[in-house]
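Peer 1:
Number of protein chains: 2
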Amino acid sequence: MQFTSEQRLGDGVLERAFTLGEIPGILWTPGSAPAPLILLGHPGGLHMMHPRLVARARQAAAEGFAAATIELPGSGDRPRSAAAEEARADLRRAVEAGGPVDDEIVDRLVLPLVEKAVPEWRAALDALLALPEIGGRVGYSGGVISIGVRLAVVEPRISAAVLFAGSFVPRAILEEARQVTIPLHVLLQWDDEGNDRQMALDLFDAFGSKEKTLHANMGGHTGVPQFAGEEANRFFARHLK
Amino acid sequence: MQFTSEQRLGDGVLERAFTLGEIPGILWTPGSAPAPLILLGHPGGLHMMHPRLVARARQAAAEGFAAATIELPGSGDRPRSAAAEEARADLRRAVEAGGPVDDEIVDRLVLPLVEKAVPEWRAALDALLALPEIGGRVGYSGGVISIGVRLAVVEPRISAAVLFAGSFVPRAILEEARQVTIPLHVLLQWDDEGNDRQMALDLFDAFGSKEKTLHANMGGHTGVPQFAGEEANRFFARHLK
Numbered sequence: 001m002q003f004t005s006e007q008r009l010g011d012g013v014l015e016r017a018f019t020l021g022e023i024p025g026i027l028w029t030p031g032s033a034p035a036p037l038i039l040l041g042h043p044g045g046l047h048m049m050h051p052r053l054v055a056r057a058r059q060a061a062a063e064g065f066a067a068a069t070i071e072l073p074g075s076g077d078r079p080r081s082a083a084a085e086e087a088r089a090d091l092r093r094a095v096e097a098g099g100p101v102d103d104e105i106v107d108r109l110v111l112p113l114v115e116k117a118v119p120e121w122r123a124a125l126d127a128l129l130a131l132p133e134i135g136g137r138v139g140y141s142g143g144v145i146s147i148g149v150r151l152a153v154v155e156p157r158i159s160a161a162v163l164f165a166g167s168f169v170p171r172a173i174l175e176e177a178r179q180v181t182i183p184l185h186v187l188l189q190w191d192d193e194g195n196d197r198q199m200a201l202d203l204f205d206a207f208g209s210k211e212k213t214l215h216a217n218m219g220g221h222t223g224v225p226q227f228a229g230e231e232a233n234r235f236f237a238r239h240l241k
Numbered sequence: 001m002q003f004t005s006e007q008r009l010g011d012g013v014l015e016r017a018f019t020l021g022e023i024p025g026i027l028w029t030p031g032s033a034p035a036p037l038i039l040l041g042h043p044g045g046l047h048m049m050h051p052r053l054v055a056r057a058r059q060a061a062a063e064g065f066a067a068a069t070i071e072l073p074g075s076g077d078r079p080r081s082a083a084a085e086e087a088r089a090d091l092r093r094a095v096e097a098g099g100p101v102d103d104e105i106v107d108r109l110v111l112p113l114v115e116k117a118v119p120e121w122r123a124a125l126d127a128l129l130a131l132p133e134i135g136g137r138v139g140y141s142g143g144v145i146s147i148g149v150r151l152a153v154v155e156p157r158i159s160a161a162v163l164f165a166g167s168f169v170p171r172a173i174l175e176e177a178r179q180v181t182i183p184l185h186v187l188l189q190w191d192d193e194g195n196d197r198q199m200a201l202d203l204f205d206a207f208g209s210k211e212k213t214l215h216a217n218m219g220g221h222t223g224v225p226q227f228a229g230e231e232a233n234r235f236f237a238r239h240l241k
């Protein structure tokens with residue numbers, strides 16, 4: 001893990017860009033150390049996502065958490081995958097046609113992404129937990145819910161997760177959800193135009209966790225209200241501190 | 001409104017029993033006055049519900065709210081209605097038989113209760129708002145969700161509502177829900193054995209409110225977690241202060 005730049009944000013949060021091999025990432029740390037860590041998931045494209053990631057990281061830092069994220073395979077400045085681009089184009093056509101989206105397209109888009117991304121998040125976790133600024137429990141928060149499900153199943157260092165139910169989920173991941181046992185806080189945008197609400201409810205139902213909470217709010221994909229972010233933060237405060 | 005007894009609870013909250021004509025009720029006031037008011041709905045039976053109502057009232061008082069409740073028609077010490085008792089028995093038989101519950105039974109049980117209870121809650125509100133201890137906005141919180149829906153539609157003094165999705169809802173009330181426009185915070189116990197989850201989701205979908213939030217948690221009918229009560233309190237703090 002190589003730090004490539006740093007800047008101090010207004011509220012004392014230190015933002016540092018890093019690379020982990022070929023993978024760009026960002027780490028935010030609060031004044032206090034060692035801090036429990038929240039991994040910030042996102043749909044890909046660190047530059048485009050940066051303003052929203054910074055807002056989430058500052059909210060986390062206000063509760064005493066460090067936060068970190070890495071670029072997804074095939075997104076941002078990372079090399080594109082021809083197969084993934086084709087699957088994404090097929091998905092877009094299927095959504096625009098208004099019909100149901102074929103499971104095969106979802107599998108082709110999401111499963112290889114999960115297969116590649118999850119080991120990268122785990123490698124990032126190895127590097128982050130070796131830093132003196134980071135200590136204590138780890139949470140995962142964010143989008144591409146299928147990555148969150150797989151991480152929750154395979155990575156025992158993740159103690160709790162906030163998941164955004166806002167993307168297509170392969171049937172295989174829905175089955176995998178039954179093996180998740182950590183506390184979960186699931187956010188659903190009720191009228192999300194790019195989202196299959198019934199799939200999100202089925203996924204919530206499938207999770208094996210004894211403590212799981214679903215928070216559904218109005219507004220579209222990017223319209224998660226401020227208070228919903230605060231509630232997610234309190235969920236982490238209950239489980240990571 | 002006649003106060004019939006009073007006691008000071010450990011945390012400085014004053015609990016006073018009252019009668020409003022034939023109707024028994026309870027008022028809890030915090031130290032500070034005038035306090036915004038939360039009407040505490042419940043499924044009927046003030047004596048049996050008292051411990052849970054006191055807990056909710058104390059949680060409300062800790063945020064600076066007064067709380068009040070009245071007995072439902074046909075419950076507790078109030079005269080029974082033969083028609084309601086028959087409808088309740090029919091509902092119990094239908095639930096025990098495991099089949100779907102006939103709409104006609106739900107209508108026969110719930111609609112007369114709504115017709116009788118809502119004017120009583122409004123009369124209680126008239127009396128409560130005349131007290132110097134009460135002032136500012138009013139919220140409704142609680143069970144028999146159909147009563148909450150009707151109150152939200154007809155009573156303009158109610159500014160926000162926390163509704164427990166945990167009882168059978170007549171089709172007519174589902175239609176009425178489209179006319180609700182105040183901010184709503186809906187609690188759903190995901191695995192509530194006495195509850196129709198799909199009906200609860202349909203009802204949430206039907207509400208006309210621009211701000212509506214659904215919080216689904218694990219556990220049965222009476223297992224609403226402590227943190228869910230705190231989130232509901234913060235919802236009222238956002239909308240009633």
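Those protein sequence lines, which keep their order, are chains A and B.
Counting in the UniProt record's numbering, the first sequence runs from 1 upward without gaps.
Counting in the UniProt record's numbering, the second sequence runs from 1 upward without gaps.
Quick reminder that beta carbons are idealized off the backbone N, C-alpha and C, glycines included.
1. So, is the C-beta of Met218/B closer than 8 Å to a C-beta in chain A?
2. Leaving out the 5 sequence neighbours to the left and right, which residues in its chain are closer than 7 Å to Gly31/B when beta-carbon positions are compared?
3. For Glu115/B and Ala55/A, I'd like the C-alpha separation in whole angstroms.
4. With DSSP run on the structure shown, which of helix, strand or coil describes Glu6/B?
5. Confirm, please, whether the CB-CB distance from Ala68/B to Ile26/B is below 8 Å.
6. Between the Cα of Phe204/A and those of Leu174/A, Asp191/A, Gly220/A and Ala228/A, spot the shortest distance and give me the residue it belongs to.
7. Taking the alpha-carbon positions, what's the Ala216/A to Ser5/B distance?
8. Determine the extent of the beta strand (DSSP E) in which Pro36/A is found, giving its start and end residues.
9. Mind checking Met48/B: buried by the 16 CB within 10 Å criterion, or exposed?
10. Using a cut-off of 7 Å between C-beta atoms, extract the partners of Thr213/A located in chain B.
11. Determine the DSSP secondary structure at Lys210/A, reduced to helix, strand or coil.
12. Does any residue of chain A bring its CB to less than 8 Å from the CB of Arg122/B?
13. Kindly indicate which residue of His221/A, Arg178/A and Glu63/A has the alpha-carbon position closest to the one of Lys210/A.
14. Which residues, in order along the region 1–17 of chain A, keep a beta-carbon less than 8 Å from a beta-carbon of chain B?
15. Run the CB neighbour count on Lys241/A, radius 10 Å, all protein chains shown included, and call it buried at 16 or more, exposed below.
16. For Thr29/B, does the count of other Cβ atoms within 10 angstroms reach 16, so buried, or fall short, so exposed?
17. Measure the CB-CB distance between Ala160/B and Gly139/B and report whether it falls below 8 Å.
18. Indicate the three-state DSSP secondary structure (helix, strand or coil) for Val101/B in the structure shown.
19. Can you tell me which residues form a DSSP beta bridge with Ser141/B?
20. Between which two residues does the beta strand (DSSP E) holding Leu14/B run?
21. How would you write the range of the alpha helix (DSSP H) that His50/A sits in, first residue to last?
22. What is the residue span of the beta strand (DSSP E) that Ile23/A lies within?
23. Could you please give me the residues that DSSP links to Leu188/A through a beta bridge?
24. Around the Cβ of Pro183/B, are there at least 16 other Cβ atoms within 10 angstroms (buried) or fewer (exposed)?
25. List the residues of chain A that Arg238/B touches, going by C-beta distances under 7 Å, in chain order.
26. Considering Cα atoms alone, identify which of Gly21/A, Ala97/A, Arg197/A and Thr222/A is closest to Trp121/A.
27. Could one say the Cβ of Lys210/A lies closer than 8 Å to chain B's Cβ atoms, at least one of them?
28. For Val149/A and Leu109/A, what's the separation of their Cα atoms in angstroms?
29. Out of curiosity, what's the CA-to-CA distance linking Pro51/A and Ala17/A?
30. Note the first and the last residue of the continuous beta strand (DSSP E) segment covering Ile70/A.
31. Of all the options Ala124/B, Ser75/B, Trp190/B and Ile38/B, which has the alpha carbon lying nearest to the alpha carbon of Met1/B?
32. If the cut-off is 9 Å on Cβ atoms, which residues from the region 49–66 of chain A count as contacting chain B, listed in chain order?
33. Measuring CB to CB, does Val162/A end up less than 8 Å from Ser146/A?
34. Relative to the C-alpha of Ala228/A, which candidate in Arg238/A, Glu15/A and Leu214/A has its C-alpha closest?
35. Provide the residue span of the alpha helix (DSSP H) that contains Leu174/B, from first to last.
Peer 2: Taking the structure as given:
1. At least one CB atom of chain A sits nearer than 8 Å to the CB of Met218/B.
2. Excluding sequence neighbours, Gly31/B sits near Gly12.
3. When the Cα atoms are used, Glu115/B and Ala55/A turn out to be separated by approximately 48 Å.
4. Correct three-state label for Glu6/B: strand.
5. Closer than 8 Å, so yes.
6. Ranking Leu174/A, Asp191/A, Gly220/A and Ala228/A by Cα distance to Phe204/A puts Leu174/A first.
7. When rounded, the distance between both Cα atoms is 42 Å.
8. From DSSP, the beta strand (DSSP E) with Pro36/A extends over Ala35 to Leu40.
9. It counts as exposed.
10. Residues of chain B whose Cβ lies closer than 7 Å to the Cβ of Thr213/A are, in chain order, His215, Ala216 and Asn217.
11. Lys210/A: coil per DSSP, three-state reduction.
12. So, not an interface residue.
13. Looking at the Cα atoms, Arg178/A is the closest of the given residues.
14. Per Cβ criterion, the list is empty.
15. Exposed: under 16 other Cβ atoms inside 10 Å.
16. It is buried - the Cβ of Thr29/B has at least 16 other Cβ atoms within 10 Å.
17. Taking 8 Å as the Cβ cut-off, Ala160/B and Gly139/B qualify as a contacting pair.
18. In the three-state reduction of the DSSP assignment, Val101/B falls in the coil class, being assigned neither a helical nor a strand state.
19. In the DSSP assignment, Ser141/B forms a beta bridge with Leu40/B and Val162/B.
20. That run of the beta strand (DSSP E) goes Leu14 to Leu20.
21. Note, His50/A: alpha helix (DSSP H), Leu46 to Ala62.
22. DSSP places Ile23/A inside the beta strand (DSSP E), whose first and last residues are Ile23 to Thr29.
23. The partner list for Leu188/A (beta bridge, DSSP) reads Ala165/A and Ala216/A.
24. Burial of Pro183/B is indicated by the presence of at least 16 other C-beta atoms within 10 angstroms of its C-beta.
25. By Cβ distance, chain A contributes Phe227.
26. If we check each option's Cα against that of Trp121/A, Gly21/A comes out closest.
27. At least one beta carbon of chain B lies nearer than 8 Å to the beta carbon of Lys210/A.
28. Spanning the two alpha carbons is a distance of roughly 16 Å.
29. In this structure, the straight-line span from the alpha carbon of Pro51/A to that of Ala17/A is close to 14 Å.
30. In the DSSP assignment, Ile70/A falls within the beta strand (DSSP E) that extends over Ala66 to Ile70.
31. Ranking the options by Cα distance to Met1/B, first place goes to Ala124/B.
32. Per Cβ criterion, the list is empty.
33. No.
34. Measuring from the Cα of Ala228/A, the nearest candidate turns out to be Leu214/A.
35. DSSP places Leu174/B in the uninterrupted alpha helix (DSSP H) bounded by Arg171 to Glu176.
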